[in-house]
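Chain order of the listed sequences is A and B.
Here numbering that gives the first Met the number 0 is used: the first residue of the first sequence is 0, the next is one more, and so on.
Here numbering that gives the first Met the number 0 is used: the first residue of the second sequence is 0, the next is one more, and so on.
Don't be surprised by glycine CBs; every beta carbon is placed ideally from N, CA and C.
This structure is a prediction, so every number in the text was calculated from the model and none was measured.
Here the structure comes first, spelled out in structure tokens, and everything after it is commentary.
Number of protein chains: 2
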Amino acid sequence: MKIAILQPSDVNDDFAQQVKDLFSQLNDTIEQVNLDEVFKPENAITFAYCMDKDKMVGIALMCTYTVISGYKGWVEDVVVDKAYRGQGLGRKLMEKLVDEGKKDGLSEILLFSNDKRKAAISLYKSLGFKQKDSGLYVLKTN
Amino acid sequence: MKIAILQPSDVNDDFAQQVKDLFSQLNDTIEQVNLDEVFKPENAITFAYCMDKDKMVGIALMCTYTVISGYKGWVEDVVVDKAYRGQGLGRKLMEKLVDEGKKDGLSEILLFSNDKRKAAISLYKSLGFKQKDSGLYVLKTN
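Okay, structure coming up:
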């Protein structure tokens, strides 16, 4: 099992299709953004992935951004293949992102998780994430 | 009262000091990031601000980022000067960011607000933001 940070040059059609299929396990209703858009030069993204030989079995993405309150990471799109859950791959992917964030000098990393996703929340807490006394709000704009 | 999007070329020492003073009203304990860091070319930021003549009285920042689940905006650092609250400036700043986000083709805009900030939450809801069934988690990394 290999955990690594995806480089734009690693992306080919097979890779992109595997990400697409894997992401569908998280959400099969939304229109996915193509990987070439995710990797456009102006997008500050750290893309951790896990391969079992040639099979993509997990991904976790982190955008980095700078505001007055800090240089931060924002994690989204964390997915582990259903057939590979319970093996600690989510933890390894998150540890990879946190390591990269620390190397990069981030002040903090933020993420959200649906209140029903008890296993994910337990994982995040075990990695040191603490719940903020804040609600998360969304406005659909298209 | 002028509401506009700040351009990097608008930033001078007086401007930077006014942002610093204003931001201290939101949080006077954290170390603020300098505006030149916020406006570095690789940081995708939309910076709305409000001036009463030469006085900076409000700011609201939005980062934009692309992940598989969408092209999104993430709002942080919304502050209105204490002496100018209750005049709808927060609404105007947020409307400016939402307008920019729509023009830019964002799929959604996200933000968080402390559960105690009832006026802010009421504002966000009145703009169409809906609370997600998700908690927000943070890991300090420095």
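- Chain B has a Cβ within less than 9 angstroms of the Cβ of residue 42 of chain A.
- Burial check for residue 58 of chain B: the Cβ neighbour count within 10 Å reaches 16 or more, so the residue is buried.
- Among the CB atoms of chain A, one or more fall inside 9 angstroms of the CB of residue 123 of chain B.
- In the displayed model, residue 17 of chain A falls within a helix according to three-state DSSP.
- The closest CA to that of residue 22 of chain B, considering only B:114, B:55, B:9, is found on B:55.
- Close partners of residue 11 of chain A in chain B (Cβ separation under 9 angstroms) are lacking, with about 17 angstroms as the shortest Cβ gap.
- Runs of the alpha helix (DSSP H) lying entirely within the segment 54-115 of chain A, each at least 4 residues long, are 88-102 in chain order.
- Around residue 103 of chain A, the same chain offers 63 as residues with beta carbons nearer than 7 angstroms, after the five sequence neighbours per side are excluded.
- The Cβ atoms of residue 132 of chain A and residue 67 of chain B lie no closer than 9 angstroms to each other.
- Looking at A:95, A:139, A:17, the one whose alpha-carbon comes closest to that of residue 126 of chain A is A:95.
- Residue 121 of chain B: not part of any beta strand (DSSP E); member of the alpha helix (DSSP H) spanning 117-125, first to last residue.
- For the segment 70-89 of chain A, the beta-carbon criterion of a distance under 7 angstroms to any beta-carbon of chain B is satisfied by 70, 73, 75, 76.
- At a cut-off of 9 angstroms between C-beta atoms, residue 39 of chain A counts as an interface residue with respect to chain B.
- Taking the beta carbon of residue 97 of chain A as reference, the chain B residues within 8 angstroms of it are 138, 140, listed in sequence order.
- Sequence-distant Cβ neighbours of residue 25 of chain A in its own chain, meaning closer than 6 angstroms and more than five residues away, are 78.
- Annotation: the continuous alpha helix (DSSP H) that includes residue 37 of chain B extends over 34-37.
- For residue 67 of chain A, the closest Cβ of chain B is nearer than 9 angstroms.
- Assigned with DSSP and collapsed to three states, residue 25 of chain A falls in helix.
- Residue 45 of chain A is bridged by DSSP to A:61.
- When the Cα atoms are used, residue 137 of chain A and residue 109 of chain B turn out to be separated by approximately 5 angstroms.
- Below the 7 angstroms Cβ cutoff, chain B contributes 65 as neighbours of residue 36 of chain A, in chain order.
- Contact with chain B is found for residue 104 of chain A, since one of that chain's Cβ atoms lies less than 9 angstroms from the residue's Cβ.
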